[in-house]
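Here is the structure we will look at.
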Amino acid sequence: MTPNRVTSTRTVRRFTRAAAGALLAGLALGAAPAHGAERAADLPEFDFSACPTVDVLPAGADPGTWRCEVMHATGHLRMGAVDEPLTEPMKITFAEGRVDGEFRQAFGEMTAAPIRVGDTPLTLTPQYGGYSDFLSDDTRRGEFDIKFAIGWAHGLLALPSSDCSVGSDEDAVHLVLKDTYPTRVISKDPLVVAFGAQDAEFAAPGTGGCGPLDRALDRALGLPSAAGTNAFDMDVTVAIRPYT
1 MTPNRVTSTR
11 TVRRFTRAAA
21 GALLAGLALG
31 AAPAHGAERA
41 ADLPEFDFSA
51 CPTVDVLPAG
61 ADPGTWRCEV
71 MHATGHLRMG
81 AVDEPLTEPM
91 KITFAEGRVD
101 GEFRQAFGEM
111 TAAPIRVGDT
121 PLTLTPQYGG
131 YSDFLSDDTR
141 RGEFDIKFAI
151 GWAHGLLALP
161 SSDCSVGSDE
171 DAVHLVLKDT
181 YPTRVISKDP
191 LVVAFGAQDA
201 EFAAPGTGGC
211 GPLDRALDRA
221 LGLPSAAGTN
231 AFDMDVTVAI
241 RPYT
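Residue 113 in this note's numbering sits at position 113 of the sequence shown, with consecutive numbering throughout.
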């Protein structure tokens with residue numbers, strides 16, 4: 001999978017917005033949090049190694065005003081016949097900043113653990129679907145394309161193709177995330193914010209790339225599934241680090 005490294009420009013407000021705004025502004029100017037700033041005792045480990053390198057930032061980007069963000073999201077997925085918690089976090093890394101006064105972004109990496117589907121041997125692994133826009137406005141938190149690679153728990157059976165999935169880069173599950181609880185700062189050193197987001201309106205396509213198993217997998221997973229019958233709830237924490 002080759003991610004779309006730089007997303008489209010949109011002159012809208014920051015993804016993390018509101019409560020973290022002043023802190024982010026300080027970081028953009030190169031200011032460090034004050035010595036002795038609050039630090040949450042139970043923060044997860046955030047890995048910044050997948051941050052986009054300076055040479056893949058958009059042309060004209062000043063690394064001194066850019067930051068890398070690592071997002072961890074747990075929650076719950078209801079999609080077709082799938083109704084499962086996400087206990088292991090999806091981890092999404094991206095960079096953002098300004099070019100000529102407009103916010104821009106560069107995608108880094110997404111990783112996630114397989115989700116076991118009920119009592120079946122099936123697993124679904126969330127993967128990046130080729131598009132992201134993590135800037136928010138008054139109507140949504142951000143947008144994100146995702147697909148779910150289909151696998152067998154414990155490697156019980158080989159699938160006909162490694163491309164067997166729900167959704168694809170050409171026909172991804174398109175999430176338009178809306179706030180369920182507002183942004184709050186949970187640590188100033190390192191800077192970490194948290195919020196809740198949900199899309200309860202997305203449509204889910206059928207399976208593809210699974211050869212003769214497509215129809216059987218669609219029946220097992222209850223796919224395709226129309227808009228309004230699915231929901232993806234996320235509890236999100238985001239760690240933020242300046243490039244300089």
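Using N, Cα and C, we set each Cβ at its ideal position, and we do this for glycine too.
A quick note: this is a predicted structure, and the numbers were derived from the prediction, not measured.
- Trp-152 and Pro-121 have their C-alpha atoms spaced approximately 5 Å apart.
- Judged by DSSP in its simplified three-state form, Val-54 adopts helix.
- In this structure the region 135-148 touches the region 107-126; the number of beta carbon pairs closer than 8 Å is three or more.
- By the neighbour-count definition (other C-beta atoms within 10 Å, threshold 16), Gly-108 is a buried residue.
- Between Met-71 and Val-236, the gap from beta carbon to beta carbon is short of 8 Å.
- Looking at the backbone, the Cα of Thr-93 and that of Ser-132 are separated by about 11 Å.
- Closest in C-alpha terms to Leu-77, from the list Pro-190, Ser-187, Asp-199, comes Asp-199.
- Of the candidates Asp-218, Ala-172, Gly-228, Asp-100, Ala-172 places its Cα closest to the Cα of Phe-144.
- Contact between the region 52-66 and the region 217-226 is absent, with fewer than three C-beta pairs closer than 8 Å.
- DSSP places Ala-197 within a strand segment (E or B) once states are collapsed to three.
- Burial of Ser-165 is indicated by the presence of at least 16 other C-beta atoms within 10 angstroms of its C-beta.
- Annotation: Asp-233 is outside any alpha helix (DSSP H); the continuous beta strand (DSSP E) that includes it extends over 231-242.
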